[in-house]
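Peer 1: Below you will find the structure I want to go over with you.
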Amino acid sequence: MSEKDFIPVSFITLKEKGVVGYSSPSNIALIKYWGKRDNQIPANPSISFTLAACMTKTSVEYQKKAQKNDEFSFELFFEGEAKEEFKPKIKTFLKRIEVYLPFLKDYHLVIRTSNTFPHSSGIASSASGMSALALCFMEMERSFSAPFTDEFFNRKVSFLARLGSGSACRSIEGPLVQWGETASVKGSSNLFGIKYPYKVHKVFNNFHDTILLVDKGEKQVSSTVGHELMHGHPFASQRFDQAHDHLEKLGLVLADGNLKDFISIVESEALTLHAMMMTSNPYFILMKPNTLSIINEIWKFREESKTHVCFTLDAGANVHVLYPENEKDIVFPFIKEKLISFCQNGQYICDRIGLGAKKL
Ligand code: PMV
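Residues 16 to 375, numbered by the numbering used here, are exactly what the sequence shown covers, in order.
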């Protein structure tokens, strides 16, 4: 498929008014996307667990303008309050997707959005937020158009969400979503995420992700800047090759459920992401001392308990602690006893692998 396939040819009727709503989850990458080309095309393929608890709920009320003009017209409410400061980001998103949703300027839009996770928890809301909004807009398109398949719907939503924030394209479906062309995954695309198309071992059913909120402050470096720093990065091409290699190896692990290999790929990916940040120009460190303390505690406990708990990281100090359902009675007490003390105000979120967005 190409970008052109997402430009609608005609509509049956543009409704006078309506309201649409979706909840869409966050996701946590196992193979990380870090580095992009123009138009949010990823420099390497990535794969993520869709989450179940960390979600954004968004509704869009639309009312046809008396006269179409050349402006986007919208109001934005975040957790019930008008948020002027979020509007420029939404406007940029609307501009990027307008060619694919040419009706947007026909309407005045009232966007209401809220997160299930605490604002400024250091959890990126862009993946859940942009995907929820893309879903609402696509639902509008669906009601104006001749019927199209769910597959097309999901692909186009993912395609649109990607234009808001790269990783958002991995939030539509679940439990695993792959994004970015790679030989080892049939049907993979740089334009949108696809539900991982192969059989996944049952050990990954209900996999847990306990998110430890180590630092809830504003991100020190935005992901836009971070991706940018992979241009001319001394290790960029090795990193991109490694991602392909890891993805192929992870494919075997997802099929056979070998958690020892899962751990070594997933932790290596997390540390490589941060190694890329530490070796870019300018360089930066997003881990905090408590991030390292948590990692060391996990390694110690894993050795002693012979469990398969492991960690992954986003572009920040928070730690995602991953473990299988059948070890939760051993691992969760350890988290409570040993790791929560490293969290800011003792805060953490119990999440797990989820199935994707839902219509409200
Ligand atoms: O979607 P962005 O542009 O915020 O980038 C996200 C990058 C990481 O979260 C660090 C990795 C990933 O694949 O989600």
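The beta-carbon is built from N, C-alpha and C at its ideal position, and this holds for glycine as well. From a predicted model like this one, the values you see are computed outputs, not experimental measurements.
DSSP on Pro103, reduced to helix/strand/coil?
Peer 2: As a working mapping, residue 103 is identified with position 88 in the sequence shown. Helix, per DSSP.
Peer 1: Tell me the start and end of each unbroken beta strand (DSSP E) in the segment 291 to 367 that is at least 3 residues and wholly inside, in chain order.
Peer 2: Annotation note: the segment 291 to 367 contains the following uninterrupted beta strand (DSSP E) runs of length 3 or greater, listed N- to C-terminal: 325 to 328, 334 to 338 and 363 to 367.
Peer 1: If you follow the alpha helix (DSSP H) that Val172 is part of, which residue opens it and which one closes it?
Peer 2: The residue labelled residue 172 in the question sits at position 157 within the sequence shown. Taken as a continuous stretch (DSSP letters only), the alpha helix (DSSP H) holding Val172 covers Asp165 to Gly179.
Peer 1: State whether the segment 57 to 65 contacts the segment 79 to 88, with contact taken as three or more CB pairs (one from each stretch) at a distance under 8 Å.
Peer 2: no
Peer 1: Let me confirm a value: Asp165 is counted as buried when at least 16 other C-beta atoms fall within 10 Å, else exposed. Which label applies?
Peer 2: Here residue 165 refers to the residue found at position 150 of the sequence shown. Exposed, by the Cβ-count rule.
Peer 1: Between the C-alpha atoms of Glu243 and Arg254, what's the straight-line distance to the nearest angstrom?
Peer 2: Working through the sequence shown from its first residue, we reach residue 243 at position 228. Working through the sequence shown from its first residue, we reach residue 254 at position 239. In a straight line, the C-alpha of Glu243 is about 15 Å away from that of Arg254.
Peer 1: Would you please state the rounded distance, in angstroms, between the beta carbons of Glu340 and His223? I believe it to be under 8 Å.
Peer 2: Position 325 of the sequence shown, counting from 1, holds the residue named residue 340. Position 208 of the sequence shown, counting from 1, holds the residue named residue 223. Sure, about 7 Å apart at Cβ, within 8 Å.
Peer 1: Reducing DSSP to helix, strand and coil, say where Ser88 ends up.
Peer 2: Looking up residue 88 in the sequence shown gives position 73. DSSP places Ser88 in strand when its eight states are reduced to three.
Peer 1: Hey, Ser182 and Ala147: beta-carbon distance below 8 Å or not?
Peer 2: Position 167 of the sequence shown, counting from 1, holds the residue named residue 182. Position 132 of the sequence shown, counting from 1, holds the residue named residue 147. Result no, Cβ atoms of Ser182 and Ala147 do not sit closer than 8 Å.
Peer 1: Taking Gly76 as part of the beta strand (DSSP E), name the residues at either end of that continuous run.
Peer 2: Your numbering for residue 76 matches position 61 in the sequence shown. This sequence places Glu at residue 76; Gly is not what is there. It spans Ser61 to Lys79 - the beta strand (DSSP E) in which Glu76 sits, taken as one unbroken run.
Peer 1: Just to confirm, does Ser61 get its C-beta within under 7 Å of one of the non-hydrogen atoms of the ligand PMV?
Peer 2: By 1-based counting over the sequence shown, the position of residue 61 is 46. Ser61 Cβ: within cutoff of the ligand PMV.
Peer 1: Considering only the beta carbon of each residue, do Leu227 and Val334 sit closer than 8 Å?
Peer 2: Residue numbering aside, residue 227 sits at position 212 when the sequence shown is read from its first letter. Residue numbering aside, residue 334 sits at position 319 when the sequence shown is read from its first letter. A contact, by the Cβ cut-off of 8 Å.
Peer 1: Does DSSP put Leu370 in a helix, in a strand, or in coil?
Peer 2: On the sequence shown, position 355 is the one that residue 370 refers to. Coil.
Peer 1: Phe250 and Thr294 look like a contact to me (Cβ under 8 Å); what is the Cβ gap, rounded to whole Å?
Peer 2: The residue labelled residue 250 in the question sits at position 235 within the sequence shown. The residue labelled residue 294 in the question sits at position 279 within the sequence shown. Indeed they touch by this definition, with Cβ atoms about 6 Å apart.
Peer 1: If you draw a straight line from the C-alpha of Pro212 to the C-alpha of Arg170, how long is it?
Peer 2: The count along the sequence shown starts at 1 and reaches residue 212 at position 197. The count along the sequence shown starts at 1 and reaches residue 170 at position 155. About 14 Å.
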